[in-house]
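**Student:** Pasting a structure here, questions to come.
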Amino acid sequence: MSHRDRVLIVERVIESLDLQGVRNSVVGTVEKRGISGGQRKRVNVGIEMVMEPSLLILDEPTSGLDSSSSQLLLKALRHEALEGVNICAVVHQPSYTLYNMFDDLILLAKGGLIVYNGPIKTIEDYFSTLGIHVPDRVNPPDHYIDILEGIVKPESGIKAKHLPVHWMLYNGYEVPSDMKDDLKAMGEQSPDVDINRSMSGSTPHCLPAGVSNAFAQERNRLEHRLSKPGDLSSRRTPGILKQYKFFLGRVTKQRLREGRLLGVDFLILGLAGICLGTIAKLSDPTFGMPGYIYTIIAVSLLCKIAALRSFSLERLQYLRERESGMSTLAYFLARDTIDHFNTALKPIIYLSMFYYFNNPRSSIGSNYIILLSLVYCVTGIGYTFAICFNPGSAQLCSALIPVVLTLLSTQRTTPTFLKNMSYP
Numbered sequence: 001m002s003h004r005d006r007v008l009i010v011e012r013v014i015e016s017l018d019l020q021g022v023r024n025s026v027v028g029t030v031e032k033r034g035i036s037g038g039q040r041k042r043v044n045v046g047i048e049m050v051m052e053p054s055l056l057i058l059d060e061p062t063s064g065l066d067s068s069s070s071q072l073l074l075k076a077l078r079h080e081a082l083e084g085v086n087i088c089a090v091v092h093q094p095s096y097t098l099y100n101m102f103d104d105l106i107l108l109a110k111g112g113l114i115v116y117n118g119p120i121k122t123i124e125d126y127f128s129t130l131g132i133h134v135p136d137r138v139n140p141p142d143h144y145i146d147i148l149e150g151i152v153k154p155e156s157g158i159k160a161k162h163l164p165v166h167w168m169l170y171n172g173y174e175v176p177s178d179m180k181d182d183l184k185a186m187g188e189q190s191p192d193v194d195i196n197r198s199m200s201g202s203t204p205h206c207l208p209a210g211v212s213n214a215f216a217q218e219r220n221r222l223e224h225r226l227s228k229p230g231d232l233s234s235r236r237t238p239g240i241l242k243q244y245k246f247f248l249g250r251v252t253k254q255r256l257r258e259g260r261l262l263g264v265d266f267l268i269l270g271l272a273g274i275c276l277g278t279i280a281k282l283s284d285p286t287f288g289m290p291g292y293i294y295t296i297i298a299v300s301l302l303c304k305i306a307a308l309r310s311f312s313l314e315r316l317q318y319l320r321e322r323e324s325g326m327s328t329l330a331y332f333l334a335r336d337t338i339d340h341f342n343t344a345l346k347p348i349i350y351l352s353m354f355y356y357f358n359n360p361r362s363s364i365g366s367n368y369i370i371l372l373s374l375v376y377c378v379t380g381i382g383y384t385f386a387i388c389f390n391p392g393s394a395q396l397c398s399a400l401i402p403v404v405l406t407l408l409s410t411q412r413t414t415p416t417f418l419k420n421m422s423y424p
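Going by UniProt numbering, the first residue of the sequence shown is number 1, and it counts up by one from there.
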């Protein structure tokens, strides 16, 4: 897909979801306020719409939205449906206007049993055959849901738990053995309702199930033989290099927006260099060896915790994009490449403060090479913790492991094999 086509698709989605006013705004998080909750929900739907999928499944897309926002969202989804996208949505208590915007409806009883599955236009005709009529000035979906929940009792005397059996009989399905008792109870408790009436063809909105399925299969077979459809998606999954370039640009923008957070990391690292440079003593017999040990612990701890943010905060987004064909290698390399900036800069910030308040015997160049290797190593360990553990456990491991392993490696009584396995 060309760049021009991508821009047109994005602009069309922004306009259809009425997001022009927040197109340059940050979405935000729980800690950092951004756009409103309704706008955030529309952005989530828009992210999926720009991908032009063949099937779009939404879970309560109108929950938490006002009437106008819900209607705007469903209009955009209906436009996508007219373009050939199959859209399925779970909706609770839709208004009458939103209810009429759908083509088909699946009404479920408790336990996931189907009560109705068909066009919106014929649902009232179906329930009228069961003696269930919608009162005047009552929203049909609300009335049906109240019946399924047992809040409203139908005048015909039908029980809510029997409605799935009525639907099975209506379509000619075989009633499962565990529902045979309900079938008998329907005849005993509701003699006024003919349980076989729906099978007599009095409601002409659909053919019998066997005829309808056979017709659909034969039609699909003929269409497959007579037509040679091309690739309707008109898309190809980009290669690893192209995805790497895309992720590199995205991660760069994210890091620029996190400038204040990076500044805090650098400030804390500089303060650690000031404190350790002040308390380290060169006149003792060890020539300031404790200062080096404290440096290893401090730099390892601070850099490892900072590295957790690279992957732990976007785990859900990564999983969603991976299912769309994203290259995991390109995603990882892009983030690791941008983090090399911190890997190279953090030792400079720490050593500049440490050497200002102290004068170690080793040169600053030698110490920079050592700290550069140290930061690169602990960053990789931080990546591993962020990927394998949840955020809480990852932070605990990042804080505990550098201290424990560094202290073990400096003990004279520690076995040699344990020293070789410990860090650093």
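Even glycine gets a Cβ: it sits at the ideal position worked out from N, Cα and C.
Here the structure is a predicted model, which is why all the values come from computation and not from measurement.
Please return the same chain residues whose Cβ sits closer than 6 Å to the Cβ of L308, not counting the five positions on each side in sequence.
**Tutor:** Position 308 of the sequence shown, counted from the first residue, corresponds to residue 308. Contacts found: G382, A386 and A394.
**Student:** Let me know the beta strand (DSSP E) ranges lying completely inside the segment 25-85, each 3 residues or longer, listed in chain order.
**Tutor:** 55-59
**Student:** My assumption, with CB atoms under 8 Å, is that I338 sits in contact with V251. Please give the rounded CB distance.
**Tutor:** Reading the sequence shown from its first residue, position 338 is the one you call residue 338. Reading the sequence shown from its first residue, position 251 is the one you call residue 251. Right, their Cβ atoms sit about 5 Å apart.
**Student:** Reducing DSSP to helix, strand and coil, say where N171 ends up.
**Tutor:** Numbered from its first residue, the sequence shown carries residue 171 at position 171. N171 falls in the helix class under three-state DSSP.
**Student:** By the 10 Å Cβ neighbour count, where 16 or more other Cβ atoms means buried, how is C303 classified, buried or exposed?
**Tutor:** Along the sequence shown, one-based indexing puts residue 303 at 303. Buried is the call here.
**Student:** Would you call V138 buried or exposed, if buried means 16 or more other Cβ atoms sit within 10 Å of its Cβ?
**Tutor:** The sequence position of residue 138 within the sequence shown is 138, counting from 1. Taking all protein chains in view, the Cβ of V138 is surrounded by fewer than 16 other Cβ atoms within 10 Å, so the residue is classified as exposed.
**Student:** For V211, I'd like the list of residues in its chain whose CB is within less than 8 Å of its CB, leaving aside the five on either flank, ordered along the chain.
**Tutor:** Within the sequence shown, numbered from 1, the residue matching residue 211 stands at position 211. Confidence at V211 is low in this model, with a pLDDT of 49, below 50, so the placement of that residue is unreliable and no value is reported for it.
**Student:** DSSP on I195, reduced to helix/strand/coil?
**Tutor:** Walking along the sequence shown from the start, residue 195 turns up at place 195. Confidence in I195 is poor, its pLDDT being 46 and thus under 50, which makes the residue's placement too unreliable to answer from.
**Student:** Among G259, L333 and D103, whose alpha-carbon lies nearest the alpha-carbon of K245?
**Tutor:** Along the sequence shown, one-based indexing puts residue 245 at 245. Among G259, L333 and D103, the Cα nearest to that of K245 is on L333.
**Student:** Drop a sphere of 10 angstroms on the beta-carbon of N342, count the other beta-carbons inside from all chains shown, and report buried for 16 or more, exposed for fewer.
**Tutor:** Along the sequence shown, read from residue 1 onward, the residue named residue 342 stands at position 342. N342 comes out buried.
**Student:** Where A330 and F247 are concerned, what is the direct C-alpha to C-alpha distance, given to the nearest angstrom?
**Tutor:** Position 330 of the sequence shown holds residue 330. Position 247 of the sequence shown holds residue 247. One C-alpha to the other measures close to 7 Å.
**Student:** Note down, one range per segment and in chain order, each alpha helix (DSSP H) of at least 4 residues found wholly within the segment 250-284.
**Tutor:** 259-279
**Student:** Which residues mark the beginning and the end of the alpha helix (DSSP H) in which V10 is found?
**Tutor:** Position 10 of the sequence shown holds residue 10. That run of the alpha helix (DSSP H) goes H3 to S16.
**Student:** Taking 8 Å as the cut-off, decide whether the C-beta atoms of V299 and Y355 are in contact.
**Tutor:** Against the sequence shown, residue 299 aligns to sequence position 299. Against the sequence shown, residue 355 aligns to sequence position 355. The answer is no: Cβ separation not under 8 Å.
**Student:** Is P402 helix, strand or coil when you go by DSSP?
**Tutor:** Taking the first residue of the sequence shown as 1, we reach residue 402 at position 402. Helix, per DSSP.
**Student:** With 16 as the cutoff for other CB atoms within 10 Å, does A306 come out buried or exposed?
**Tutor:** Numbered from its first residue, the sequence shown carries residue 306 at position 306. Its Cβ being crowded by 16 or more others within 10 Å, A306 is buried.
**Student:** What is the rounded straight-line gap between the Cα of A160 and the Cα of V115?
**Tutor:** Taking the first residue of the sequence shown as position 1, residue 160 is located at position 160. Taking the first residue of the sequence shown as position 1, residue 115 is located at position 115. Between A160 and V115, the C-alpha separation is close to 9 Å.
**Student:** To which residues of the same chain is E321 closer than 7 Å at the C-beta, ignoring the five residues directly before and after it?
**Tutor:** Position 321 of the sequence shown, counted from the first residue, corresponds to residue 321. Contacts found: none.
**Student:** Taking only three categories from DSSP, how would you classify I114?
**Tutor:** Position 114 of the sequence shown holds residue 114. The three-state secondary structure of I114, taken from DSSP, is strand.
**Student:** Just to confirm the assignment, what range does the alpha helix (DSSP H) spanning D142 have?
**Tutor:** Working through the sequence shown from its first residue, we reach residue 142 at position 142. Run containing D142: P140 to L148, per the alpha helix (DSSP H) assignment.
**Student:** Once the 5 residues before and after Q39 are set aside, which same chain residues still bring their CB inside 6 Å of it?
**Tutor:** Along the sequence shown, read from residue 1 onward, the residue named residue 39 stands at position 39. V22.
**Student:** Look up L108 in the DSSP assignment and say whether it is helix, strand or coil.
**Tutor:** Position 108 of the sequence shown holds residue 108. Three-state DSSP puts L108 in a strand.
**Student:** Contact between the segment 88-102 and the segment 68-75: three or more CB pairs below 8 Å?
**Tutor:** yes
**Student:** With DSSP run on the structure shown, which of helix, strand or coil describes I369?
**Tutor:** As a working mapping, residue 369 is identified with position 369 in the sequence shown. DSSP places I369 in helix when its eight states are reduced to three.
**Student:** Going by the CB atoms, is the gap between V13 and G46 shorter than 8 Å?
**Tutor:** Position 46 of the sequence shown, counted from the start, is the residue given in the question as residue 46. Position 13 of the sequence shown, counted from the start, is the residue given in the question as residue 13. With respect to the 8 Å criterion, G46 and V13 are classified as neighbours on the basis of their beta carbons.
**Student:** Mind pulling the beta strand (DSSP E) runs of 3 or more residues that sit fully within the segment 340-365?
**Tutor:** Annotation: the segment 340-365 contains no complete segment of the beta strand (DSSP E) (minimum length 3 residues).
**Student:** Looking only at its own chain, which residues have a Cβ that is under 6 Å from the Cβ of A89, when we skip the five neighbours before and after it?
**Tutor:** Residue mapping note: residue 89 aligns to position 89 of the sequence shown, counting from 1. So the qualifying residues of the chain are L58 and P61.
**Student:** Please state whether the Cβ-Cβ distance between I296 and T384 is less than 8 Å.
**Tutor:** Translated into positions along the sequence shown, residue 296 becomes position 296. Translated into positions along the sequence shown, residue 384 becomes position 384. No, they are not a contact pair.
**Student:** In this structure, how does DSSP classify P119 when only helix, strand and coil are distinguished?
**Tutor:** On the sequence shown, residue 119 is found 119 positions in, with the first residue counted as 1. In the structure shown, P119 adopts extended strand secondary structure according to DSSP, grouped into three states.
**Student:** Using CA atoms only, rank isn't needed, just tell me which of H92, F127, V10 and L316 is closest to V50.
**Tutor:** Taking the first residue of the sequence shown as position 1, residue 50 is located at position 50. The candidate whose alpha carbon is nearest that of V50 is V10.
**Student:** Cα-Cα, which of C377, I158, A109 and I147 is closest to L130?
**Tutor:** The residue you call residue 130 lines up with position 130 of the sequence shown. Ranking the options by Cα distance to L130, first place goes to I158.
**Student:** Could you tell me the alpha carbon to alpha carbon distance between L113 and R33, rounded to whole angstroms?
**Tutor:** Counted from its first residue, the sequence shown places residue 113 at position 113. Counted from its first residue, the sequence shown places residue 33 at position 33. Rounded to the nearest angstrom, the two C-alpha atoms are 41 Å apart.
**Student:** Rounded to a whole number of angstroms, what is the C-alpha to C-alpha distance between residue 450 and T237?
**Tutor:** With the chain represented from 1 up to 424, any question about residue 450 goes unanswered, as that position is not in the structure.
**Student:** What does the alpha-carbon distance come out to for the pair L276 and V43?
**Tutor:** Indexing the sequence shown from 1 puts residue 276 at position 276. Indexing the sequence shown from 1 puts residue 43 at position 43. If you take the alpha carbons of L276 and V43, they lie about 47 Å apart.
**Student:** What are the partner residues of V90, as DSSP defines its beta bridges?
**Tutor:** What you label residue 90 is simply residue 90 of the sequence shown in a count that begins at 1. Answer is D59.
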